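I have placed the structure first, in the form of structure tokens, so that the comments after it can refer back to it.
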Amino acid sequence: MAFDLEMIQAVYAGMGQRIEAARTAVGRPLTLTEKILYAHLYGGNVTQSFERGVSYVDFAPDRVAMQDATAQMALLQFMQAGKAQAAVPSTVHCDHLIQARDGANEDLAVANDENREVYDFLASVSNKYGIGFWKPGAGIIHQVVLENYAFPGGMMIGTDSHTPNAGGLGMIAIGVGGADAVDVMAGMAWELKFPKVIGVKLTGKMNGWTSAKDVILRVAGILTVKGGTGAIVEYFGEGANNLSATGKGTICNMGAEIGATTSVFSYDEKMGDYLRGTSRAEIAEAAAAVAHHLRADDEVYANPEAYYDQLIEIDLNTLEPYVNGPFTPDAAWPISQFAAAVKEHGWPEKLEVGLIGSCTNSSYEDITRAASIAEQAVTKGLTVNAEFTVTPGSELVRYTVERDGLLDTFAQMGGVVLANACGPCIGQWARHTDDPKRRNSIITSFNRNFAKRNDGNPNTHAFVASPEIVTAFAIAGDLTFNPLTDTLTSKDGQQVKLDEPRGVEMPPQGFAVEDAGYQAPAEDGSGVQVLVDPTSDRLELLEPFKPWEGTDLMGLRLLIKAQGKCTTDHISMAGPWLKYRGHLDNISNNMLIGATNAFNGEANKVRDFVAQGDTYNTVPQVARNYKSMHIGTVVVGDENYGEGSSREHAAMEPRHLGVRAVIVKSFARIHETNLKKQGMLGLTFANKADYDLIEEGDTIDILGLTTFAPGKQLQARLHHVDGDTDLIYLNHTYNEGQIEWFKAGSALNLIRLKEAGQA
Ligand code: F3S
Numbered sequence: 007m008a009f010d011l012e013m014i015q016a017v018y019a020g021m022g023q024r025i026e027a028a029r030t031a032v033g034r035p036l037t038l039t040e041k042i043l044y045a046h047l048y049g050g051n052v053t054q055s056f057e058r059g060v061s062y063v064d065f066a067p068d069r070v071a072m073q074d075a076t077a078q079m080a081l082l083q084f085m086q087a088g089k090a091q092a093a094v095p096s097t098v099h100c101d102h103l104i105q106a107r108d109g110a111n112e113d114l115a116v117a118n119d120e121n122r123e124v125y126d127f128l129a130s131v132s133n134k135y136g137i138g139f140w141k142p143g144a145g146i147i148h149q150v151v152l153e154n155y156a157f158p159g160g161m162m163i164g165t166d167s168h169t170p171n172a173g174g175l176g177m178i179a180i181g182v183g184g185a186d187a188v189d190v191m192a193g194m195a196w197e198l199k200f201p202k203v204i205g206v207k208l209t210g211k212m213n214g215w216t217s218a219k220d221v222i223l224r225v226a227g228i229l230t231v232k233g234g235t236g237a238i239v240e241y242f243g244e245g246a247n248n249l250s251a252t253g254k255g256t257i258c259n260m261g262a263e264i265g266a267t268t269s270v271f272s273y274d275e276k277m278g279d280y281l282r283g284t285s286r287a288e289i290a291e292a293a294a295a296v297a298h299h300l301r302a303d304d305e306v307y308a309n310p311e312a313y314y315d316q317l318i319e320i321d322l323n324t325l326e327p328y329v330n331g332p333f334t335p336d337a338a339w340p341i342s343q344f345a346a347a348v349k350e351h352g353w354p355e356k357l358e359v360g361l362i363g364s365c366t367n368s369s370y371e372d373i374t375r376a377a378s379i380a381e382q383a384v385t386k387g388l389t390v391n392a393e394f395t396v397t398p399g400s401e402l403v404r405y406t407v408e409r410d411g412l413l414d415t416f417a418q419m420g421g422v423v424l425a426n427a428c429g430p431c432i433g434q435w436a437r438h439t440d441d442p443k444r445r446n447s448i449i450t451s452f453n454r455n456f457a458k459r460n461d462g463n464p465n466t467h468a469f470v471a472s473p474e475i476v477t478a479f480a481i482a483g484d485l486t487f488n489p490l491t492d493t494l495t496s497k498d499g500q501q502v503k504l505d506e507p508r509g510v511e512m513p514p515q516g517f518a519v520e521d522a523g524y525q526a527p528a529e530d531g532s533g534v535q536v537l538v539d540p541t542s543d544r545l546e547l548l549e550p551f552k553p554w555e556g557t558d559l560m561g562l563r564l565l566i567k568a569q570g571k572c573t574t575d576h577i578s579m580a581g582p583w584l585k586y587r588g589h590l591d592n593i594s595n596n597m598l599i600g601a602t603n604a605f606n607g608e609a610n611k612v613r614d615f616v617a618q619g620d621t622y623n624t625v626p627q628v629a630r631n632y633k634s635m636h637i638g639t640v641v642v643g644d645e646n647y648g649e650g651s652s653r654e655h656a657a658m659e660p661r662h663l664g665v666r667a668v669i670v671k672s673f674a675r676i677h678e679t680n681l682k683k684q685g686m687l688g689l690t691f692a693n694k695a696d697y698d699l700i701e702e703g704d705t706i707d708i709l710g711l712t713t714f715a716p717g718k719q720l721q722a723r724l725h726h727v728d729g730d731t732d733l734i735y736l737n738h739t740y741n742e743g744q745i746e747w748f749k750a751g752s753a754l755n756l757i758r759l760k761e762a763g764q765a
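Mapping of the sequence shown onto this note's numbering: residues 7 to 765, in sequence order.
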């Protein structure tokens, strides 16, 4: 699968000197997080120290991974950069669009048919630009990355929130939006606020029913869903060394549930074992040679309180299995207290479905531990009282566990094996139920359990636990069952107890696969044609946005003055619109439909001043009307405009529908940057009270653009309907490079001009 040994060796070769420079700049010993981050500064040289939680820093990640939903717009945009190849090794993984209904083969065939145009596009664009392509059925992005690409001390971004899974192999791996992937693939700097660092010290050794999953379920209970925000969680201690690399991956994966930027473990022998077991002995050797760079400095481990922003200690000897939920992953219940919690809260006691696998928990170790419970259903003559599904994380795992007879074990207890894809974890689940609204309980070994996530039913109480606990619950069919202490009644009336799970970290006969599902890109993609059906309503090639015309912008129309909260979801709603995420014109029909119009308090109803009479219409329609008459528009907003996600559509849609400037009281930083990248003017009122001067029907001139410079204010002249005018001052945060983006029409336009030697 072509992991890039040379690239990895180059990272290791430069690490020592960069870490030394960072230690000098910071003036103290370094955490592992800091070592990896300072070793990945954009431009390479460490010349200053950065303040955790404060400094914005440009990084140069080693890799990019994209899943098939977010990859569509990312790659359509990347095509605009005019590059022959992605600037760093990148991969696409087809895992999100496969619906689980009847079983792996049937579901995969349906997905291949229904999503053909998306898959054909992704395969062809990957082939052209040197991007590795993992076909539908090859596996879930994070498991495939762990098996093939993650490496200790590396840094990657992925267009999916559970990208941190690669921390199990000691990589700083961060989940981002498509626009970030475009930046890195186009060779631009990738910006991140330098994170805080939370230390989690693991002591002791797990035993019995407790597994790696329980570490993160416990941490989620301590830190809550917001406790990791803006921080990287660094695990260390002798307990960490006792965890398999895949177990570490599970812990890092679910760091997303506490809002952490990512999570990471230092390099150890378990990682070496996993690298060797997945045909990457050369990386294990290279990592071992620089192992001292792949852990925090000794002083940090000796005195962690002094170096971590927060420190948590967990004793694995006494850690119980946990069940978290319902509706939130931080409601953490030790198994000994869970049955009482179920009764006290009146959660449905009958368990309807147990689901194991997903990107979080489908390692060989996970499957063997769960199978050791499943087989007891047969050997102990137990009735299985809930439905049971298995979602393997990759074809490598699926093929290997099938060869080793483990899938048969699940089949014997009535389990259904689903495709190697996200499936029920992301709501791609055609659940078999007679009443889709019924209050009911399910339990999964996945990571998220918000209402409606798995099956769309707000009354489904979803709990999260380790695969072996899920399997035991599925046999019992009862949430008040405690497998550590309780007995079950066998078919012949005996009271039987389940034995503790037994797991095998690595397959004794090694991993095997016939077709891993990987397609290497063309050596020279220049002749490859990107396949987009011109009649498609899901995909559309992008046209470059027009460059700045070189003058002030006169006579712009106010499109909407948004009042109150205006998040990226208000600007570009998700839900059913996501199917158009690769088609800018179609998805633009959701532009700002969630924003409240300050003049009438209603959403998606704004005055159209070029239509006949007193006409109100939807925001996208009014924008289209102005656009058809070549009239640019302005969006006005309140505080923290564009908070929420890094969704690039929220910046692309206004640009596409003719918005030239977004003027607000304040911006969410990521959205402000996204607007700049798309060649828009993202401006703030110098005097916030000027927001009140904006009236319905205003036309607006933006002045000062011919001398647009960092730190220099622009102005807006407001022409009101009654003939009055106001002149107001506007602040901006554009630096020289970003002003060039504006002039070129977008950041990608500028890159394309540079590639062609025209800028
Ligand atoms: Fe997919 Fe669920 Fe993981 S959606 S990437 S299996 S968190």
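Glycine included, each C-beta is placed from N, C-alpha and C at the ideal position.
Bear in mind that the values here come from a model prediction, so they are computed numbers and not experimental data.
Secondary structure of residue i, DSSP reduced to three states
{"i": "M72", "result": "strand"}
{"i": "N446", "result": "strand"}
{"i": "K211", "result": "coil"}
{"i": "M7", "result": "Since pLDDT at M7 reaches only 49, below the 50 mark, its modelled position is unreliable, and the value read off the structure follows with that caveat. In the structure shown, M7 sits in coil (DSSP, three-state: anything other than H, G, I, E or B)."}
{"i": "F691", "result": "strand"}
{"i": "M260", "result": "helix"}
{"i": "Q744", "result": "helix"}
{"i": "Q721", "result": "strand"}
{"i": "K611", "result": "coil"}
{"i": "R789", "result": "In the structure as shown, the chain starts at 7 and stops at 765, and residue 789 therefore has no counterpart that could be examined."}
{"i": "F242", "result": "strand"}
{"i": "E197", "result": "strand"}
{"i": "F416", "result": "helix"}
{"i": "V306", "result": "helix"}
{"i": "K571", "result": "coil"}
{"i": "F139", "result": "strand"}
{"i": "A179", "result": "strand"}
{"i": "V538", "result": "coil"}
{"i": "K585", "result": "helix"}
{"i": "G561", "result": "strand"}
{"i": "F56", "result": "coil"}
{"i": "M21", "result": "helix"}
{"i": "V806", "result": "Residue 806 is absent from the structure shown; the chain starts at 7 and stops at 765."}
{"i": "S634", "result": "helix"}
Beta-carbon gap between residue i and residue j smaller than 8 Å
{"i": "G607", "j": "G136", "result": "no"}
{"i": "N247", "j": "D279", "result": "no"}
{"i": "V359", "j": "A392", "result": "yes"}
{"i": "G648", "j": "F748", "result": "no"}
{"i": "A156", "j": "L128", "result": "no"}
{"i": "D68", "j": "E197", "result": "no"}
{"i": "A66", "j": "M72", "result": "no"}
{"i": "T165", "j": "A187", "result": "yes"}
{"i": "V616", "j": "I637", "result": "yes"}
Exposure label - residue i; buried when at least 16 CB within 10 Å
{"i": "D696", "result": "buried"}
{"i": "K567", "result": "buried"}
{"i": "N213", "result": "exposed"}
{"i": "F790", "result": "Because the chain here runs from 7 to 765, residue 790 falls outside it and cannot be looked at."}
{"i": "R437", "result": "buried"}
{"i": "H102", "result": "buried"}
{"i": "G561", "result": "exposed"}
{"i": "S634", "result": "exposed"}
{"i": "S752", "result": "buried"}
{"i": "S132", "result": "buried"}
{"i": "L464", "result": "Looking at the sequence shown, residue 464 is not Leu but Pro. Looking at its Cβ environment, which holds fewer than 16 other Cβ atoms inside 10 Å, P464 is exposed."}
Legend entry - Within 7 Å of the ligand F3S: residues by beta-carbon to any heavy atom: Q73, D101, H102, I146, I147, H148, D166, H168, S364, C365, T366, C428, C431, I432, F452, N453 and R454
Inset, instruction - Note down, one range per segment and in chain order, each beta strand (DSSP E) of at least 3 residues found wholly within the region 333-401. - result: 338-340, 357-363 and 393-397
Legend entry - Whole beta strand (DSSP E) elements within the region 453-477, 3-residue minimum: 466-470
Inset, instruction - Return the chain-ordered ranges of every alpha helix (DSSP H) run that is complete within the region 100-165 and spans a minimum of 4 residues. - result: 110-120, 122-134 and 147-154
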